[in-house]
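Just so you know, the sequences run in chain order A and B. For the first sequence, the positions run 1 to 258 when the working numbering is used. For the second sequence, the positions run 1 to 95 when the working numbering is used. Just so it is clear, CB atoms sit at the ideal spot from N, CA and C, and this is done for glycine as well. Worksheet: the structure to be examined is printed underneath.
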Amino acid sequence: MGAPAMTQTTPAHLEYVLRLGDAALIHGQRLSEWCGHAPVLEEDLALANMALDFVGQARMLLSHAGTLEGKGRDEDTLAFLRHEGQYRNPTLCEMPNTDFAHTMIKGFLLGSFNLLMWSRLCGSSDKALAAIAAKSLKEARYHAEHTGDWVIRLGDGSEESHRRAQAALDILWPYTNELFAANPTDDAAAAAGVGPAWSELAEAWEAAVLPVLQQATLTVPARTPFQTYGKFGRHSEHLGHLLAVMQHLPRSFPGATW
Amino acid sequence: MERKEWPLWEIFIRSKNGLDHKHCGSVHATDARMALQVARDVYTRRQEGVSIWAVRAEDIVASDPDAKPELFDPAEDKIYRHPTFYKLPDEVDHM
Chain A
1 MGAPAMTQTT PAHLEYVLRL GDAALIHGQR LSEWCGHAPV LEEDLALANM ALDFVGQARM
61 LLSHAGTLEG KGRDEDTLAF LRHEGQYRNP TLCEMPNTDF AHTMIKGFLL GSFNLLMWSR
121 LCGSSDKALA AIAAKSLKEA RYHAEHTGDW VIRLGDGSEE SHRRAQAALD ILWPYTNELF
181 AANPTDDAAA AAGVGPAWSE LAEAWEAAVL PVLQQATLTV PARTPFQTYG KFGRHSEHLG
241 HLLAVMQHLP RSFPGATW
Chain B
1 MERKEWPLWE IFIRSKNGLD HKHCGSVHAT DARMALQVAR DVYTRRQEGV SIWAVRAEDI
61 VASDPDAKPE LFDPAEDKIY RHPTFYKLPD EVDHM
């Protein structure tokens with residue numbers, strides 16, 4: 001993105017964009033772990049395609065974040081040369097793939113969120129962000145549809161696929177609390193018109209997600225006070241391992257290109 | 001061991017408006033929605049198409065390869081069936 005920095009970049013604005021960028025990056029990295037391991041060739045390509053969509057979004061968002069920050073950090077520096085505590089993705093994104101059901105449940109929960117998010121961000125006061133949103137929205141529609149169809153197939157499928165889908169939902173559902181937890185960064189970004197406070201999306205997200213889970217004959221866990229703080233850089237034990245793999249090459253061979 | 005394969009679907013892609021759908025391969029999928037989705041992922045990753053058809057392979061009726069002599073050979077010597085004696089205007093594409 002060659003767009004010049006906004007005249008006034010607030011810390012909240014930068015933080016808001018970093019959250020979006022890191023969410024895409026870490027989710028994309030996780031999906032890419034499936035490459036060559038998916039249950040069937042068709043799904044292997046679908047997962048790799050989705051991973052590339054997210055990595056592409058991450059490139060645009062992190063590149064934009066680097067511009068907003070104005071300290072000369074480019075997308076690669078932000079993606080590969082930060083430490084664990086500097087990543088701003090919600091914890092849900094870094095949760096392990098575990099099995100195909102986990103991956104599809106997680107992809108659906110996040111995908112439905114992304115769909116709402118990008119719809120709103122198309123009207124961002126940050127024109128570069130609005131342009132990224134317009135492109136990403138199309139991809140998000142497909143992600144939500146593909147993963148949503150799988151959630152129904154698995155949940156309303158065989159005894160084993162139902163059991164695995166339910167287990168995945170039970171584990172991952174509490175992590176969605178973090179998506180909608182109010183915080184000052186969101187308030188400031190929303191006030192500036194950068195984008196919605198994520199908490200504003202909670203109602204629409206449930207309206208999109210619950211009918212699909214119901215059709216999948218899955219039992220939605222009761223809400224608990226469980227809270228994670230990946231958006232603030234306090235991550236689960238899983239992110240460090242993911243970063244070790246993801247950062248290995250650029251840290252071993254600084255400036256490597258191919 | 002019993003193998004539970006997903007149904008096979010034949011995939012046809014139209015590369016651009018105005019052209020016809022061409023067979024490009026097949027995918028395994030549990031249902032029609034999934035067939036279209038995975039066909040999109042397998043066959044249009046490099047902008048190869050603007051439209052996808054998926055057809056259950058078992059719904060395609062095929063001619064018998066052994067019946068080639070009686071089906072196709074009789075056309076061999078009927079050259080007058082080729083419309084090569086007409087001049088087409090240049091604007092007529094894809095004939």
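- Here the alpha carbons of L116(A) and A67(B) stand approximately 57 Å from one another.
- DSSP places F12(B) inside the beta strand (DSSP E), whose first and last residues are L8 to R14.
- Using a Cβ-Cβ cut-off of 8 Å, Q47(B) does not count as an interface residue toward chain A, since no Cβ of chain A sits closer than that to its own.
- For L110(A), no CB of chain B lies under 8 Å from its own CB, so it is not counted at the interface with that chain.
- Within the model, the alpha-carbon separation for W150(A) versus P69(B) is close to 47 Å.
- Taken in chain order, the complete alpha helix (DSSP H) segments of 4 or more residues contained in the region 3-87 of chain B are 32-43 and 68-72.
- A distance below 8 Å separates the beta carbons of N89(A) and G230(A).
- With its beta carbon less than 8 Å from one in chain A, H28(B) belongs to the interface.
- Unbroken alpha helix (DSSP H) runs of no fewer than 4 residues, entirely contained in the region 45-95 of chain A, are found at 75-80 and 91-94, following chain order.
- A check of alpha carbon separations from N183(A) across L129(A), D170(A), P96(A) and F232(A) identifies F232(A) as the nearest.
- Of the residues D186(A), E206(A) and L154(A), the one whose Cα lies closest to the Cα of G111(A) is E206(A).
- Per DSSP, reduced to three states, the secondary structure at R251(A) is helical.
- For D170(A), same chain residues with a beta-carbon under 6 Å away, outside a window of 5 residues either side, are P221 in chain order.
- With respect to L242(A), I26(A) sits close: the two C-beta atoms are nearer than 8 Å.
- If you draw a straight line from the Cα of V92(B) to the Cα of H82(B), it comes to about 17 Å.
- Here I60(B) is exposed: its Cβ has fewer than 16 other Cβ atoms, across all protein chains shown, within 10 Å.
- Its chain contains D44 and L47 as the residues whose beta carbon lies nearer than 7 Å to that of A38(A), once the 5 sequence neighbours on both sides are disregarded; these appear in chain order.
- Here the region 120-135 of chain A lies against the region 178-197 of chain A, with 3 or more beta-carbon pairs under 8 Å apart.
- Beyond the five residues adjoining it in sequence on each side, A54(B) comes within less than 7 Å, by CB distance, of W9, I11, A32, A35, L36 and A39 in the same chain, given in chain order.
- In this structure, Y175(A) sits near T228(A), with a CB-CB distance shorter than 8 Å.
- By the beta-carbon neighbour count (other beta carbons within 10 angstroms, threshold 16), N49(A) is buried.
- Residues of the region 125-152 of chain A with a C-beta less than 9 Å from any C-beta of chain B: Y142, E145, H146, D149 and W150, listed in chain order.
- According to the DSSP secondary-structure assignment, R19(A) is paired through a beta bridge with no residue.
- Straight across, the Cα-Cα distance linking W173(A) with L19(B) is about 47 Å.
- Against chain A, the CB of V42(B) has a partner CB under 8 Å away; the residue lies at that interface.
- Shown here for K16(B): same chain residues with a beta carbon closer than 7 Å to its own, the five before and five after excluded, namely V50 in chain order.
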